[in-house]
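Structure, as structure tokens:
Residue numbers (this note's numbering), protein chains in the order written: chain A, 2 to 102; chain B, 60 to 258.
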């Protein structure tokens with residue numbers, strides 16, 4: 002039993018760390034075997050692994066969709082500032098062109 | 060938008076680009092977390108766009124093209140922040156990387172059940188993200204990550220950059236990436252749990 006625990010050497014903490022790492026790189030067969038073993042004996046980690054995957058999917062969706070709430074709109078002041086900056090940038094190259102002729 | 064604006068082709072082009080302002084703003088805000096910075100990024104994007112409008116081939120939609128420009132601006136912003144750590148406007152993010160992990164005991168076992176309060180995550184992510192309460196909570200939790208974790212997390216999970224690109228833009232060592240992302244995910248999980256968003 003002690004030998005098995007030494008071989009497994011996987012606490013909940015290292016299991017979850019490894020789950021996260023698994024999103025970044027391919028785990029080795031031995032790492033996968035240890036993950037599977039820990040998953041079998043720890044139901045809390047099993048659920049937590051699923052939650053992390055769900056959280057990841059949710060964050061990914063957050064980056065792809067955009068709600069239309071007033072707090073997440075450009076202020077009138079910002080719109081005016083941007084409009085002015087765009088006009089200025091249009092005037093800039095035009096003025097240069099005129100002077101080059 | 061008055062008639063006089065559309066009579067002038069330059070103004071019409073300007074207004075056409077400005078019509079995408081709010082979409083660009085939300086995209087930027089979700090990634091940088093600060094209104095002022097997001098507004099500046101939108102301005103830079105639209106100024107660049109109006110100067111390069113003749114390069115727009117029309118293969119993608121105008122919005123996609125603008126978001127492509129904005130993405131570059133955001134990456135430049137992160138590179139700049141990485142090179143000028145003292146000039147960052149946000150003083151509210153503490154930069155400790157959370158060496159202590161209160162959710163584990165010294166033996167590496169969960170100190171409390173980490174799944175309680177996260178039932179909300181069950182279900183289709185597309186439907187879930189439509190729920191304003193959850194969306195707001197998630198965004199707040201991301202915004203409150205410590206600076207380094209925030210930067211790395213956004214680049215990897217929202218921008219979906221490859222690990223090597225994340226390290227390049229954020230200026231971190233490749234071997235640190237997995238640990239930083241792990242800490243960010245755990246912090247996020249704990250934050251959401253604390254907020255206990257109702258189902």
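Using N, Cα and C, we set each Cβ at its ideal position, and we do this for glycine too.
Which one of B:201, B:125, B:192 has the shortest CA to CA distance from residue 89 of chain B?
Of B:201, B:125, B:192, the smallest CA-CA separation from residue 89 of chain B is found for B:201.
Local conformation of residue 148 of chain B per DSSP, three classes:
Confidence in residue 148 of chain B is poor, its pLDDT being 48 and thus under 50, which makes the residue's placement too unreliable to answer from.
Separation of residue 99 of chain B from residue 60 of chain B, as counted between CA atoms
Note that residue 60 of chain B has pLDDT 42, beneath the 50 cutoff, so the model's placement of it is unreliable and no number is given.
Spatial neighbours of residue 176 of chain B within its chain, please: C-beta separation below 7 Å, excluding the five flanking residues on both sides.
Here the set comprises 252, 255.
Do residue 25 of chain A and residue 240 of chain B count as a contact pair if the criterion is CB distance below 8 Å?
Here residue 240 of chain B is near residue 25 of chain A, since their CB atoms are less than 8 Å apart.
Locate the alpha helix (DSSP H) running through residue 74 of chain A, then write down its first and last residues.
Neither: residue 74 of chain A is in no alpha helix (DSSP H) and is coded neither H nor E.
Nearest to residue 139 of chain B (by Cα), restricted to the options B:121, B:106, B:96:
Answer by Cα proximity: B:96.
Name the residue from B:169, B:196, B:231 whose alpha carbon lies nearest to the alpha carbon of residue 13 of chain A.
For the residues B:169, B:196, B:231, the minimum Cα distance to residue 13 of chain A belongs to B:169.
Rounded C-beta distance between residue 83 of chain A and residue 224 of chain B? I'm assuming under 8 Å.
Wrong, their Cβ atoms sit about 29 Å apart, outside the cutoff.
By the 10 Å Cβ neighbour count, where 16 or more other Cβ atoms means buried, how is residue 154 of chain B classified, buried or exposed?
Its pLDDT being 46, under 50, residue 154 of chain B is placed unreliably by the model, and nothing is read from it.
Check for me: the alpha helix (DSSP H) holding residue 143 of chain B runs from which residue to which?
From DSSP, residue 143 of chain B is part of no alpha helix (DSSP H); its letter is neither H nor E.
Chain A contact residues for residue 169 of chain B, given Cβ-Cβ distances below 7 Å:
Ordered by position in chain A, the residues that pass the 7 Å Cβ test against residue 169 of chain B are 13, 45.
In whole angstroms, give me the CA-to-CA distance for residue 135 of chain B and residue 127 of chain B.
Taking the straight line joining both Cα atoms gives about 13 Å.
With C-beta atoms as the reference, is residue 236 of chain B less than 8 Å away from residue 211 of chain B?
A contact, by the Cβ cut-off of 8 Å.
Does the beta-carbon of residue 41 of chain A have 16 or more other beta-carbons within 10 angstroms, so that it is buried, or is it exposed?
Burial call: exposed.
Interface partners of residue 18 of chain A on chain B, CB under 7 Å:
For the C-beta of residue 18 of chain A, the chain B residues within less than 7 Å are, from N- to C-terminus, 241.
Could you check how far apart the C-beta atoms of residue 180 of chain B and residue 52 of chain A are, in whole angstroms? I think they sit under 8 Å.
Right, the Cβ-Cβ distance comes to about 6 Å (below 8 Å), so this counts as a contact.
List the residues of chain B that residue 90 of chain A touches, going by C-beta distances under 8 Å, in chain order.
Near residue 90 of chain A (Cβ distances below 8 Å), the residues of chain B are 106, 109, 110.
With a Cβ-Cβ cutoff of 8 Å, do residue 77 of chain B and residue 121 of chain B count as a contact?
The answer is no: Cβ separation not under 8 Å.
Distance between residue 85 of chain B and residue 55 of chain A (C-alpha atoms, nearest Å)
Straight through space, the alpha carbons of residue 85 of chain B and residue 55 of chain A are spaced by roughly 23 Å.
Member of B:248, B:82, B:249, B:245 whose CA lies at the smallest distance from the CA of residue 125 of chain B:
With distances taken between CA atoms, residue 125 of chain B lies nearest to B:82 out of B:248, B:82, B:249, B:245.
Cross-chain neighbours of residue 248 of chain B in chain A, by beta carbon under 9 Å:
Residues of chain A with a Cβ closer than 9 Å to the Cβ of residue 248 of chain B are, in chain order, 49, 52, 53, 56.
Helix or strand or just coil, what does DSSP make of residue 162 of chain B?
Residue 162 of chain B falls in the coil class under three-state DSSP.
Beta-carbon separation (whole angstroms), residue 185 of chain B vs residue 194 of chain B, contact threshold 8 Å
Not a contact, Cβ separation roughly 12 Å.
Grab me the residues of residue 46 of chain A's own chain with a C-beta within less than 7 Å of its C-beta, minus the 5 sequence neighbours each way, in chain order.
If we look at residue 46 of chain A and ignore the five residues flanking it on each side, its Cβ neighbours are 13, 16, 17, 39, 40.
Distance, residue 59 of chain A Cα to residue 182 of chain B Cα:
Rounded to the nearest angstrom, the two C-alpha atoms are 10 Å apart.
Among B:94, B:93, B:112, which residue has its Cα nearest to the Cα of residue 68 of chain B?
The shortest C-alpha separation from residue 68 of chain B is found at B:112.
Using the beta-carbon count (16 or more within 10 Å), is residue 148 of chain B buried or exposed?
Here the model assigns residue 148 of chain B a pLDDT of 48, short of 50, so the residue's position is not dependable, and the following value carries that caveat. If you draw a 10 Å sphere on the C-beta of residue 148 of chain B, you find fewer than 16 other C-beta atoms in it, and that means exposed.
Would residue 115 of chain B be called buried (16 or more neighbouring beta carbons within 10 Å of its own) or exposed?
The residue is exposed, with fewer than 16 neighbouring Cβ atoms inside 10 Å.
Using 10 angstroms around the beta-carbon of residue 27 of chain A, count the other beta-carbons present and answer buried if the total reaches 16, otherwise exposed.
With fewer than 16 other beta carbons inside 10 angstroms of its own, residue 27 of chain A counts as exposed.
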